[in-house]
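Engineer: The sequence shown maps to residues -22 to -1, 1 to 329 in mature numbering (1 follows the signal peptide of the UniProt record, and there is no 0).
Note that beta-carbon positions come from the ideal geometry of N, C-alpha and C, so glycine has one too.
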Amino acid sequence: MISKRIPRLICFILLAASISCSKTEENVPLTTPTAEITVDKLVRKASLRNQEIPFTIINESSEDVTALATFYVDDEAIVGSTFSSSSIGEFEVYGVYMDDGVEITTNTESFSVIIPKRKIVIEDYTGTWCGFCPRVTGALQSLAQETDDITVVAIHETANSFPDPMHFNQVQLLKDVFDVEGFPAARINRTNNWQVPHANSDVISIAGLDTNVSIAVNSELTGNELLVQVNVVYEEGSEEGDKLVVYLVENGIIYDQVNYYNQDTTSPFYNLGDPILDFEHNEVLRKNLSSLLGDAIPSTSALDEYVTSFTVDIPSDYVVDNLDIIVMVVNENNEAKNSQHAHLTEDKPYE
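Have a look at this one:
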């Protein structure tokens, strides 16, 4: 009896084991499924030393899943969703999180920790009727070949003898504040006279030096409405009287320019005619988005961001592709502490 029952029992056990193995192979994955996701604005492109750098993951369903993620900076996991560094350098970050049993890994993005560099503001008071004004234009062209750490604004005034279509309606107020009497006139950081012969060294000696305030600019254009966002961060906090100046300038405007250097063999404008026909005017001040001399910056602690925005309608006669945004942080005496410039719709980080 026993000898007959044992084979049947063995067959039953083998059959059960076979069914069990079959279910495991069909229904239970041996490894965790994985997927990848591309995240916009995972991290700010640049930050200051010791500034808190937030990481954010918005999934494809527009849900914020940051709290679910583990972030890896240079392939090392960090605690939480923020990072800071006391040293400058280039870093990489990505995030990993679980979604319904699937391990999701984001794209890897690079970001920088920087010491802000000073961009020097050069303002050119000029006019198409002004025969000596090409002198400053030439100086600016020479300067641009030596440094990128400048922000240029050309402020035009008209004249009865030779109307200037780029006339800026509030030019007289700027002339009064910054003590501009005759044209051409050039100012460094708004308040300092760039004296003849407008030597490059006057600017190069201070351009690109370390400073303690940085500016980021981003903008969106919807129809003819421009939205500009400006971010400002200080290493040591703002100072009383600080202001934010935001201008709109246009490049590539073609209009004749009176030229008193037509017979001057030492001038880059020698033998170009008087007037120079179809002269290209750049960095032409079109509109102020802030108040003309700047909007007050509220008290801002060290390494905190001050964020503000401006909207303006773009006139139909402006060439949108040629427009730039100019931003300055100035002190209580209207001297520029730092500046930034960006093309329309360009996301310009702290530099």
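1. In whole angstroms, what separates the C-alpha of residue 17 from that of residue 242?
2. Tell me, to the nearest whole angstrom, how far the beta carbon of residue 207 is from that of residue 106; I am working on the premise that it is less than 8 Å.
3. DSSP on residue 157, reduced to helix/strand/coil?
4. Below 8 Å on the Cβ atoms is my guess for residue 71 versus residue 21; work out the distance and round it to an integer in Å.
5. With distance defined between alpha-carbon atoms, name the residue in 128, 326, 34 nearest to residue 86.
6. What residues are listed by DSSP as bridge partners for residue 291?
7. According to DSSP, is residue 32 helix, strand or coil?
8. For residue 323, I'd like the list of residues in its chain whose CB is within less than 7 Å of its CB, leaving aside the five on either flank, ordered along the chain.
9. Threshold first: 3 residues or longer. Then list the beta strand (DSSP E) segments lying entirely within the stretch 220 to 262, N to C.
10. Helix, strand or coil for residue 130 per DSSP?
11. Spatial neighbours of residue 219 within its chain, please: C-beta separation below 7 Å, excluding the five flanking residues on both sides.
12. Apart from the five residues on each side of it in sequence, which residues of its chain come closer than 8 Å, Cβ to Cβ, to residue 149?
13. CA-CA distance, residue 151 and residue 167?
14. Please classify residue 109 as buried or exposed, where buried requires at least 16 neighbouring CB atoms within 10 angstroms.
15. Sort 237, 260, 258, 263 by Cα distance to residue 251 and report the nearest one.
Structural biologist: Checking against the coordinates, here is how it stands:
1. 58 Å
2. About 34 Å separates the two Cβ atoms, so there is no contact after all.
3. Coil at residue 157, not helix or strand.
4. 5 Å
5. 34
6. In DSSP, residue 291 forms a bridge with 203.
7. strand
8. 197, 198, 199
9. 221 to 228, 231 to 235, 254 to 259
10. strand
11. 309, 310
12. Here the set comprises 103, 133, 134, 135.
13. 17 Å
14. By the neighbour-count rule (16 or more Cβ atoms within 10 Å), residue 109 is buried.
15. 237
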